[in-house]
Each structure stands twice: as structure tokens, then as C-alpha cells.
């Protein structure tokens, strides 16, 4: 197996699975799996034993285009929108 030296260009896009997608989207792995089945989510580029894999850039674009305001509860004031 040849390891690519630091600084050498890779022609393959960075790939992510559901665990990485959950981190990118800020949701649980289960919720990431639900979102991945919805119309409009990027198509997986491959299906491995560990599950579907996606191009990171496509998932990040999806996250940017489908972001929602973050709601959090504060002890005294109720819901605060950010």
C-alpha cells in the first residue's frame, strides 16, 4: 500500500459516512440516516459494508442550504433564537 506524501494532490474527493455526516449536520447518527433518505439529500457515491458514503463537499453544501436557526432553552427566558 502506498501512502500519499503530504502536499501531494489527491484526485479523489473526501468521502464521509453517516457518523461524519451527523457531526457536519449537528444531529444524531440516526437522524443523519433519516435525512440521507430524504429527497434532496446528496446521492451516495458508493455503498460499503459500513453503509453509504458521500462526497463531503456535497454534504456540506446540503448543510449550508438547509440550515435552520438554532433554538436553545434558557432557564428564565424560554426559547432564544440565534
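In this note's numbering, the protein residues as written are 114 to 195. For each residue, glycine too, the CB sits at the ideal point set by N, CA and C.
C-alpha gap between residue i and residue j, whole angstroms
| i | j | result |
| --- | --- | --- |
| residue 138 | residue 167 | 14 Å |
| residue 180 | residue 157 | 20 Å |
| residue 143 | residue 126 | 25 Å |
| residue 124 | residue 134 | 22 Å |
| residue 140 | residue 118 | 34 Å |
| residue 170 | residue 162 | 22 Å |
| residue 145 | residue 121 | 32 Å |
Residue i - partner residues in DSSP beta bridges
| i | result |
| --- | --- |
| residue 160 | 165 |
| residue 128 | 168 |
Sequence-distant residues of its chain with Cβ nearer than 6 Å to residue i (five each side left out)
| i | result |
| --- | --- |
| residue 128 | 166 |
Collapsed DSSP secondary structure at residue i in the structure displayed
| i | result |
| --- | --- |
| residue 144 | helix |
Proximal residues to residue i (C-beta, below 7 Å), its chain only, five neighbours per side dropped
| i | result |
| --- | --- |
| residue 172 | 129, 134, 137, 155 |
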